[in-house]
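Just so you know, we're using the numbering used here here: the sequence shown kicks off at 81 and counts up by one.
Ideal Cβ positions, reconstructed from N, Cα and C, are used throughout, including at glycine.
Quick caveat: nothing in here was measured; it's all calculated off a predicted structure.
Beneath this line is the structure, given in structure tokens, with notes to follow.
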Amino acid sequence: MCYYARISVFPAYPRTCFFAVSARVPRYTPSIIDRGDDGGEEREELSALSIIGTGRYLPGRPIPNENLARVMDTSDEWIRKRTGIHQRHFAEDGQGVGELGARAAERAIEDAGIDPTEIDFILFATMTPDHLFPGSGPLVAERLGISGVPALDIRQQCASFPFALEVANGLIASGAARTILFVAADTHASLMPFRDWDVVRGNVSRTIPREDFERATAHRGIAVIFGDGASAVIFRATDREGAGLLRSELRSDGGRADHIFIPMGFSRLPFNDPELAASDAHLPQMKGGNLLKAAVRELSELARAVMEQEGIGPEEVDLFIAHQANQRINDAVAAALKLSPERIPSNIARYGNTSSATIGILLDELRHEGRIQEGDLLCFLALGAGLHAGASLFRY
Ligand code: UT7
81 MCYYARISVF
91 PAYPRTCFFA
101 VSARVPRYTP
111 SIIDRGDDGG
121 EEREELSALS
131 IIGTGRYLPG
141 RPIPNENLAR
151 VMDTSDEWIR
161 KRTGIHQRHF
171 AEDGQGVGEL
181 GARAAERAIE
191 DAGIDPTEID
201 FILFATMTPD
211 HLFPGSGPLV
221 AERLGISGVP
231 ALDIRQQCAS
241 FPFALEVANG
251 LIASGAARTI
261 LFVAADTHAS
271 LMPFRDWDVV
281 RGNVSRTIPR
291 EDFERATAHR
301 GIAVIFGDGA
311 SAVIFRATDR
321 EGAGLLRSEL
331 RSDGGRADHI
341 FIPMGFSRLP
351 FNDPELAASD
361 AHLPQMKGGN
371 LLKAAVRELS
381 ELARAVMEQE
391 GIGPEEVDLF
401 IAHQANQRIN
411 DAVAAALKLS
421 PERIPSNIAR
431 YGNTSSATIG
441 ILLDELRHEG
451 RIQEGDLLCF
461 LALGAGLHAG
471 ASLFRY
């Protein structure tokens, strides 16, 4: 027999969830943490999320806008004015997200002052995995010397951070994990419409064939905004009063999957069809204007929703840490919420849009600049391919 029971599985998270449970199934026992016979009591005490370490890794030398203007019809002035981006990094040939992610993770582990063996769950976010399958979470574990630790790959692209917070919070609240490594990494280099990487990287200066220039120009929307990078966060269970994830609002809308996507996949538009590959169906297609408007509207709405649920206004949030897709988006969100620029920090000028990794990279920089203190209230905001979007209120 099956019935719906109202059980609060998130004691530090003021929301009640509905789960289908069987009357005959015994009380859930976490598989990873042995909490002894009185598991329930202990779970109550160590049920909130805290951030104990962060790290970032950017591959190679920065590539300035001028280099892109050598391979397609664009300019440094246009890119700065319309996106806020001055430069970005791209992974070297053969460098995958497993490697980038592991480097960021090593720094986060060192920052947290823990041994890698203390990690009992890995969350990995990317839209550019090392292989079509499996995901890259296990590859990171292997590089860290902790193979065997369960690794869950999530696919929320630029909106990964608020989704990862929700999953990490659930794992910790249920007692299934105590120390979680969240890694986010993306390598867009392989999705770029460039043929002569030596010119892009500034190794040589030569005129590229007209056909290559036109091909890159046809994809300049994606080519100017994306860059490669990785970030890592170590979450740990805490009993600190008031700490952790307070509210989150998450949305996923497949009706707008075509706003930014790679058409090729498996049985519908097979990745191994040479004609499709020749038509560049393996490159991302993006409705940039639609995304820009959606991000401004929905990020403001989501931020307002979590603040309203918590009964606070923007003045009570210390920092709004938002995805870095285009500076114009975050400027418009700041205007909508009446925030001064320092309350919604930015690093897009230096890195471009690193998709899943942006929020973690920014969080790492802010922590190490001393701009985040214990007890600060943070609002994370992100929207990306899916479309997925989310806002999270987090007490640091
Ligand atoms: O990470 C999550 C998912 N992605 C996003 O959130 C991206 C959001 N969208 C954007 O960042 C912007 O839409 C882009 C940066 C991609 C494009 O900027 P835009 O302001 O939406 O440009 P547009 O496509 O409306 O084009 C405006 C003008 C056009 O010229 P005309 O018709 O006004 O003469 C374009 O041809 O700018 C031209 N243009 C460019 N010029 C130089 C468009 N892209 C470029 C370019 N360089 N890269």
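Give me the residue from the options with the minimum Cα distance to residue i.
i, options, result
"residue 276", "156, 265, 263, 290", "290"
"residue 239", "264, 248, 220", "264"
"residue 452", "222, 430, 423, 408", "423"
"residue 192", "259, 365, 428", "259"
"residue 160", "431, 198, 358, 246", "431"
"residue 409", "350, 372, 209, 256", "372"
"residue 334", "162, 469, 196", "469"
"residue 466", "154, 340, 282, 212", "340"
"residue 319", "301, 418, 253", "253"
"residue 287", "149, 304, 457, 413", "149"
"residue 374", "169, 332, 354", "332"
"residue 255", "200, 313, 303", "200"
"residue 184", "442, 464, 455", "442"
"residue 352", "449, 413, 212, 303", "212"
"residue 370", "270, 338, 164", "338"
"residue 153", "292, 141, 190, 228", "292"
"residue 214", "231, 198, 226", "231"
"residue 295", "271, 322, 194", "271"
"residue 411", "141, 127, 162", "162"
"residue 174", "187, 268, 297, 155", "268"
"residue 155", "297, 360, 322", "297"
"residue 384", "359, 349, 139, 330", "330"
Starting from residue i and walking both ways along the beta strand (DSSP E), at which residues does that stretch end?
i, result
"residue 359", "No beta strand (DSSP E) contains residue 359, which DSSP labels as neither H nor E."
"residue 329", "324-332"
"residue 135", "128-137"
"residue 475", "468-475"
"residue 316", "309-318"
"residue 293", "First-last for residue 293: 290-298, but that is the alpha helix (DSSP H), not the beta strand (DSSP E)."
"residue 224", "Looking at the DSSP string, residue 224 is not in any beta strand (DSSP E); the run it does join, the alpha helix (DSSP H), is 217-224."
"residue 265", "259-266"
How far does the alpha helix (DSSP H) with residue i in it extend, from its first residue to its last?
i, result
"residue 431", "428-431"
"residue 456", "Note, residue 456: premise wrong, no alpha helix (DSSP H); not H, not E."
"residue 280", "277-280"
"residue 284", "No alpha helix (DSSP H) holds residue 284; DSSP gives it neither H nor E."
"residue 149", "145-149"
"residue 231", "Run containing residue 231: none in the alpha helix (DSSP H); it sits in the beta strand (DSSP E), 231-234."
"residue 249", "240-254"
Using a Cβ-Cβ cut-off of 7 Å (strictly less than) and excluding sequence neighbours within five positions of residue i, which residues of its own chain qualify?
i, result
"residue 439", "241, 401, 403, 460, 462"
"residue 437", "264, 265, 266, 309, 310, 311"
"residue 182", "220, 223, 224"
"residue 316", "130, 132, 258, 259"
"residue 444", "134, 135, 136, 311"
"residue 105", "Residue placement at residue 105 is flagged as unreliable, the pLDDT there being 48, under the threshold of 50; a coordinate-derived value is accordingly withheld."
"residue 237", "207, 435, 436, 464, 465, 466, 468"
"residue 418", "394"
Rounded to whole angstroms, how far is the Cβ of residue i from the Cβ of residue j, which I believe are closer than 8 Å?
i, j, result
"residue 326", "residue 395", "At roughly 16 Å, the Cβ-Cβ gap does not stay under 8 Å, so residue 326 and residue 395 are not in contact."
"residue 207", "residue 435", "6 Å"
"residue 216", "residue 280", "With 8 Å as the limit, residue 216 and residue 280 do not qualify as a contact, their Cβ atoms being about 24 Å apart."
"residue 433", "residue 307", "7 Å"
"residue 304", "residue 165", "7 Å"
"residue 328", "residue 386", "7 Å"
"residue 421", "residue 446", "With a Cβ gap of about 14 Å, residue 421 and residue 446 do not count as contacting."
Going along the chain, which residues of its own chain have a beta-carbon closer than 8 Å to the beta-carbon of residue i, five neighbours each way excluded?
i, result
"residue 234", "203, 204, 205, 240, 243, 244, 247"
"residue 147", "279, 280, 281, 282"
"residue 227", "218, 221"
"residue 357", "344, 351"
With a threshold of 6 Å on Cβ separation, who are the neighbours of residue i within its own chain once the five nearest residues in sequence on each side are excluded?
i, result
"residue 362", "344"
"residue 366", "301, 302, 340"
"residue 474", "325, 458"
"residue 406", "163"
"residue 456", "398, 476"
"residue 342", "364"
What do you reckon, is the C-beta of residue i under 8 Å from a heavy atom of ligand 2?
i, result
"residue 307", "Inclusion of ligand 2 in the displayed structure is not the case, the ligand content consisting of ligand 1 alone."
Every unbroken beta strand (DSSP E) inside the region 152-213 [3 residues or more]: Qualifying beta strand (DSSP E) stretches, in chain order: 201-205.
Those runs of the beta strand (DSSP E) which lie wholly inside the region 381-443 and span at least 3 residues: Runs found: 399-402.
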